[in-house]
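Student:
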Amino acid sequence: MSDEALRLLDFGAQSRTEHGFGWLSDEGTVDDAQGVQLWITGRMTHCFSLAALMGLSQYAPLATHGIAALRSGALRAESDGGWYSRVEMDGSVAPGLRTSYDHAFVVLAASSARLAGVEQADELLREAIESFERLWWDEAAGMVVDARDPQTLEVDPYRGVNANMHWVEALLGAWGATGEREHLERASRIAARVASMFTDHAFRLPEHFNEAWEPLLDYNRDIPADKFRPFGSTPGHWLEWARLFAQLAYACDEAGVARDERLDAIPPFMYRLALLEGWGVDGQPGFVYTTDFEGHPVVAQRMHWVLCEAIATAQTLKLTTGDASYGHDVALFWEYARRYLIEAPGQWRHELDPLNTPAQGTWAGKPDIYHAFQTMIIGTLPLSASFAAGLAQLR
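Using this note's numbering, the letters of the sequence shown correspond one by one to residues 612 to 1006.
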């Protein structure tokens, strides 16, 4: 365990609130205006569960707190067994759609916590999967729907690839925690459909679709730097999909579950395309946030999570391909992180402008440690379905 990983955990520990985990400011204080958000609570619970798996018992109470908050706290929608996307600091439900993206991190947190032996994690995982099947999984499409009305639970017509990406991650986590094949089978169905989306669009993945899964290539053209639904294509997601495809291929092969053969060839190609069209294309180091569908930069801000995913994907492809040259990329990316992103021990700037100076056009503060913490530990793990499963193999 590196000192930086420990400092990240210490920084993240400051996010504990009564109803889960809050959004951290630049200074490491909870930003009350952001309330308590489901995706942050899930991510932080996942991170503290990973820490517990690593034998860092001082963080186990934070994992326990997160699981309890998710299972029976203010974020839980008792009427239907699902979850609200956000509550205010006093526990009252905030307005806004309920989204499958947020719910994915409940399953991820419960999966990691189950492997760490956290109390109530097994029950939470079972309940979260039941809710997933009832509210989010579209069996006919082999994908998840994106959002529901908070009162009527009517399905929103928008469909998004980002939520499906994090459900692949969550289902891999659930497989690693339970060994139940259905989780891999569903993840494999999502991945096969997304692989076709990549190949149909010259590997510049569309992010936004209508309810018939027809691409909306102009979606949010007027809000190009949106946090979760930016216009165009997102090189950081090409990287993240590359890693998840590689992990899924490994898990399916280990379990004897059918999967798309393209999961072998696509990840190295997507990784190289992300470097070609995303890294330093405007004369400055770093990955641009988005491109158009011809590969030209649209939003040139640098987001810390993209750099983190580049490191994680390079480490994964080094294992799957046996190509040591990925290690040179990892060294380059770490040099960038140390120079531009790590403001102080455990504190990673979430956004930089095109000149690599701190910015807050899309992200304010330092909301969570999920991407950075995973980046710190992936180089120590064997190839596995999930971070938690990899750590469990080392115990």
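The C-beta atom is built at its ideal place from N, Cα and C for all residues, glycine as well.
Go ahead and label Gln985 buried or exposed: buried means 16 or more other beta carbons lie within 10 angstroms of its beta carbon, across all protein chains shown.
Tutor: When all chains shown are included, Gln985 counts as buried.
Student: If we call anything under 7 Å between Cβ atoms a contact, is Leu783 one with Ser723?
Tutor: Not a contact, by the Cβ cut-off of 7 Å.
Student: Roughly how many whole angstroms lie between the Cα atoms of Asp903 and Gly666?
Tutor: Cα to Cα, Asp903 sits roughly 44 Å from Gly666.
Student: Closest to Arg608 by CA distance: which of Ile678, Pro706, Gly692 is it?
Tutor: Here the chain covers residues 612 to 1006 and nothing more, so residue 608 does not appear.
Student: By how many angstroms is the C-alpha of Phe716 removed from the C-alpha of Cys658?
Tutor: Distance between the alpha carbons of Cys658 and Phe716: 11 Å.
Student: Which word fits Arg877, buried or exposed, when buried means at least 16 other C-beta atoms lie within 10 angstroms of its C-beta?
Tutor: Just to set this straight, residue 877 is Ile in the shown sequence, not Arg. Ile877 is buried by the Cβ-count criterion.
Student: In its own chain, which residues sit with a C-beta less than 8 Å from the C-beta of Ala806, not counting the 5 before and 5 after it?
Tutor: Excluding sequence neighbours, Ala806 sits near Phe856, Asp871, Arg873, Leu874, Ile877.
Student: Check whether the Cβ atoms of Ala1007 and Gly646 sit closer than 7 Å, and answer yes or no.
Tutor: Residue numbering for the chain in the displayed model covers 612 to 1006; residue 1007 lies beyond these limits and cannot be assessed.
Student: Helix, strand or coil: how does DSSP classify Val909 here?
Tutor: DSSP places Val909 in coil when its eight states are reduced to three.
Student: Give the straight-line distance between the Cα atoms of Trp810 and Pro817, rounded to the nearest whole angstrom.
Tutor: In the sequence under discussion, the amino acid at residue 810 is Thr, which differs from the Trp named in the question. Cα to Cα, the separation comes out at about 11 Å.
Student: So what does DSSP say about Pro761, is it helix, strand or coil?
Tutor: Coil at Pro761, not helix or strand.
Student: Please classify Asn775 as buried or exposed, where buried requires at least 16 neighbouring CB atoms within 10 angstroms.
Tutor: With 16 or more Cβ atoms within 10 Å of its Cβ, Asn775 is classed as buried.
Student: Beta-carbon within less than 6 Å of His794's beta-carbon, same chain only, minus the 5 sequence neighbours each way: which residues are those?
Tutor: Around His794: Leu782, Ala785, Trp786.
Student: Excluding the 5 residues flanking Thr628 on each side, which residues of the same chain have their C-beta closer than 8 Å to its C-beta?
Tutor: Closer than 8 Å at Cβ, skipping near neighbours: Val641, Val647, Met700.
Student: Examine the ligand FAD and report whether any of its heavy atoms sits within less than 6 Å of the Cβ of Met655.
Tutor: Among the components of this structure there are no ligands whatsoever, and the ligand FAD is therefore not found.
Student: Can you tell me whether Gln958 is helix, strand or coil according to DSSP?
Tutor: Of the three classes helix, strand and coil, the one that applies to Gln958 here is strand, per DSSP.
Student: Here's a check: name, in chain order, each residue in its chain whose Cβ is nearer than 7 Å to the Cβ of Arg618, leaving out the five neighbours to either side.
Tutor: Around Arg618: Pro956, Gly957.
Student: Name the one or two DSSP bridge partners that Arg770 has.
Tutor: Per DSSP, Phe820.
Student: Hey, Asp979 and Ile740 are a contact pair by Cβ (cut 8 Å); roughly how many whole angstroms apart?
Tutor: Between Ile740 and Asp979 the Cβ distance is about 23 Å, and since that is not below 8 Å, they are no contact.
Student: Measuring CB atoms only, is the segment 884 to 894 touching the segment 830 to 839, in the sense that at least three cross pairs come out at less than 8 Å?
Tutor: In short, these stretches do not touch, since the Cβ pair count stays below three.
Student: Please check if any C-beta of chain D sits within less than 7 Å of the C-beta of Phe898.
Tutor: The structure shown has no chain D; it contains just one protein chain.
Student: Mind checking which residues open and close the alpha helix (DSSP H) that includes Gly847?
Tutor: Element bounds for Gly847: 846 to 866.
Student: Exposed or buried, Asp940, counting other C-beta atoms within 10 Å across all chains shown (16 or more means buried)?
Tutor: By the neighbour-count rule (16 or more Cβ atoms within 10 Å), Asp940 is buried.
Student: Assuming contact is defined by CB atoms lying nearer than 7 Å, are Val704 and Tyr695 in contact in what I supplied?
Tutor: Contact flag set, yes.
Student: With DSSP as the reference, please indicate the residues paired to Arg840 in a beta bridge.
Tutor: Paired residues: none, contrary to the question.
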